[in-house]
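Okay, so here's the structure we're looking at.
In the numbering used here, the protein residues as written are 20 to 269.
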């Protein structure tokens with residue numbers, strides 16, 4: 020029997036491929052009709068809290084003002100070429116069903132992109148334009164966060180990551196009694212070395228090494244949404260998520 024998660028992932032990947040191809044076909048049609056090609060993307064205002072909001076249901080970052088901008092080949096050929104190149108790379112990743120980090124994408128065309136920030140901004144703008152999480156473009160950030168404990172992550176290729184083995188699109192399985200979010204990596208490593216799992220029982224420890232990246236936040240959201248059967252009260256309950264921080268916003 021086909022895995023329902025795998026089926027949904029395939030359908031959404033197919034939809035994303037069609038969206039990109041439709042955008043490019045429209046540009047080619049404009050060129051064939053003698054019309055200068057123009058790309059429409061979201062406004063490139065800085066990603067500050069006053070300009071953006073996080074949609075907790077879809078996991079997407081959206082512009083609050085929904086402003087759009089036109090990127091014209093005639094007026095901004097380099098900006099136009101950058102967006103097309105990013106679309107081309109994302110399309111290839113989706114077709115091959117592989118992922119790449121934003122850093123990998125930068126090194127695919129260093130001469131055109133110039134710097135990493137250009138790639139990051141273009142990818143974020145495309146994700147906002149399509150109203151999808153960045154991961155739906157098969158693009159990830161470089162690994163930053165750490166996790167350990169009573170947690171198994173089942174990936175799309177059916178491989179299983181067992182987070183109790185701490186020696187150096189996704190489902191999770193856990194019997195953890197709680198999740199502990201730790202701000203600093205040093206504290207995270209200290210808790211592991213103190214055999215916290217033996218003292219406190221099944222639990223999950225996560226650190227974002229300071230300000231967490233998107234992948235770490237997504238994992239916490241998945242765990243926060245997880246429901247487990249509580250046989251003692253014949254109902255479902257969420258896993259408590261606790262935080263251990265230094266109360267310093269900077």
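The beta carbon of each residue, even a glycine, is placed where N, CA and C say it ideally should be.
Please read all numbers here as calculations on a predicted model, not as lab measurements.
Quick check on the DSSP output: the alpha helix (DSSP H) that includes residue i runs from which residue to which?
i, result
"residue 99", "96 to 115"
"residue 137", "135 to 149"
"residue 243", "233 to 244"
"residue 156", "It is not in any alpha helix (DSSP H) - residue 156 carries neither H nor E in the DSSP assignment."
"residue 131", "129 to 132"
Skipping 5 residues on each side, what residues in its chain have a beta carbon closer than 7 Å to that of residue i?
i, result
"residue 101", "131, 132, 137 and 141"
"residue 187", "Because residue 187 sits at a pLDDT of 38, beneath the cut-off of 50, its placement in the model cannot be relied upon, and the point is left open."
"residue 221", "169, 194, 195 and 196"
"residue 159", "118, 120 and 234"
"residue 231", "164"
My understanding is that residue i touches residue j, with C-beta atoms under 8 Å, so please give their C-beta distance in whole angstroms.
i, j, result
"residue 17", "residue 164", "Residue 17 is absent from the model: the chain starts at 20 and stops at 269."
"residue 201", "residue 224", "6 Å"
"residue 46", "residue 55", "So it is not a contact: roughly 10 Å between Cβ atoms."
"residue 36", "residue 110", "7 Å"
"residue 128", "residue 104", "6 Å"
Grab me the residues of residue i's own chain with a C-beta within less than 6 Å of its C-beta, minus the 5 sequence neighbours each way, in chain order.
i, result
"residue 157", "112, 113 and 118"
"residue 235", "164 and 227"
"residue 146", "153"
"residue 42", "none"
Looking at C-alpha atoms only, which residue of the options is the closest neighbour of residue i?
i, options, result
"residue 38", "107, 54 and 51", "107"
"residue 195", "259, 56, 148 and 54", "259"
"residue 139", "235, 40 and 125", "125"
"residue 263", "59, 51, 120 and 209", "209"
"residue 265", "41, 150 and 206", "206"
"residue 243", "232, 231 and 256", "256"
"residue 31", "144, 44, 53 and 150", "150"
"residue 229", "214, 203, 50 and 34", "203"
List the endpoints of the continuous beta strand (DSSP E) containing residue i.
i, result
"residue 261", "260 to 263"
"residue 205", "Run containing residue 205: none in the beta strand (DSSP E); it sits in the alpha helix (DSSP H), 204 to 212."
"residue 218", "Premise fails: residue 218 lies in the alpha helix (DSSP H), 215 to 219, not in any beta strand (DSSP E)."
"residue 228", "Per DSSP, residue 228 belongs to no beta strand (DSSP E) and is neither H nor E."
By Cβ distance below 8 Å, which residues in the same chain neighbour residue i in space, the five residues on each side in sequence not counted?
i, result
"residue 261", "197, 198, 199 and 200"
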